Amino acid sequence: MIMMKKNIVSSFRSFLCSVLLSTVCLTSLLSATTIVFDAGGVLVQSKRGELVKKMLGKFVRYMLFSWKNPAHVKDLTFKVLENLYGKQVPEVGCACACGDGLVLPAAMCDWMSGVSTGKEIIEKTCALIDDGACDKMLGDKREKELVKNILELIFDPEVHANCTHPIPEGVRLLEECAQNENNTLMLLSNYAADAFEKIYNKQEMQDSIFKFIKPEYAVVSGFIGLIKPYASIFQHLLSRYNLNPADVIFIDDQAENIEAAQKLGFKALHLQHGNYDAVRTELRTFGVI
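My numbering applies: residue 8 is where the sequence shown begins, and numbers increase by one.
Below is the structure:
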């Protein structure tokens, strides 16, 4: 009888321990947080100085011989792309834009979503310019050449890789988030597949950003055919990883992306003017760092 009681007590203790262990594990899972980072403007940036250096000689020649300021060339290039391929047809209430708010032409959205490669767009557009398709928009031969040069800056994956580098402050924030074992770190970014591959394979990227974000947690527009700020890319993220938006913190530097994420129930943090301390403070209020 005494032996039976001891066995019952022992069994109860084992049962109690298993319940407590399960509760601890469940609590850990419930407290787990997914933190999704944007890439451009948050974790990486293109060095303007390197881009200017690459184009400096061409800009100088353009000013000397055309007596025009080349500052308008970005807007002009976008207009050329819209003239040839059409304007972006955005989802209701949102459009894919540059960091400065300029709405991207349809051709750039096709490039970032993998519909067209950068090489295809460069070759086709340059051929159309040479054939006179944009003569009414482009004043002379020098302006045509300048726009063709800008197309290479925009769409050439090698140029992107060479001029794109980690943002130290962004990497520091990423590392702080990685120190909490309950955090799963992800990437959600608009990048053409070929450009992203070259950037991903750079040693400085492997030693910083991708030391903390596993490749299987990098969701990139060019590989899935979806782009921010459209709701479909956020829904893809939730479905692919079986996430509850209320458990996801999304960090981005563009207002339209933040707004789109918030509408779907994400905790969205807007990185404004490179103020990482403000984002860090909000992350602390969520208890994730």
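Idealized CB from N, CA, C, for every residue including glycine.
Here the structure is a predicted model, which is why all the values come from computation and not from measurement.
- As the crow flies, the alpha-carbon of THR41 is around 21 Å from that of GLU263.
- Contact between LEU233 and SER123 is ruled out by a C-beta separation of about 15 Å, above the 8 Å threshold.
- For ASN190, the beta-bridge partners assigned by DSSP are THR40.
- Under the DSSP assignment, HIS243 falls outside any beta strand (DSSP E), being part of the alpha helix (DSSP H) whose first and last residues are 238 to 247.
- For SER120, the secondary structure class from DSSP, reduced to helix, strand or coil, is coil.
- Between the beta-carbon of SER246 and that of CYS170 there is about 34 Å, and that puts the pair past the 8 Å contact cut.
- In its chain, beyond the 5 residues on either side, THR132, ILE136, CYS141, MET144, LEU145, VAL154 have a beta carbon closer than 8 Å to the beta carbon of VAL87.
- Boundaries of the beta strand (DSSP E) around ALA275: 274 to 277.
- Of the residues assessed, ASN189 falls on the exposed side of the cut-off, its CB having fewer than 16 other CB atoms within 10 angstroms.
- Shown here for VAL227: same chain residues with a beta carbon closer than 6 Å to its own, the five before and five after excluded, namely SER196, TYR198, PHE203 in chain order.
- Nearest to GLN95 by alpha-carbon distance, out of MET115, VAL80, GLU266, GLN269, is MET115.
- By the criterion of a C-beta distance shorter than 7 Å, GLY47 is surrounded in its chain by SER196, once the five residues flanking it on both sides are discounted.
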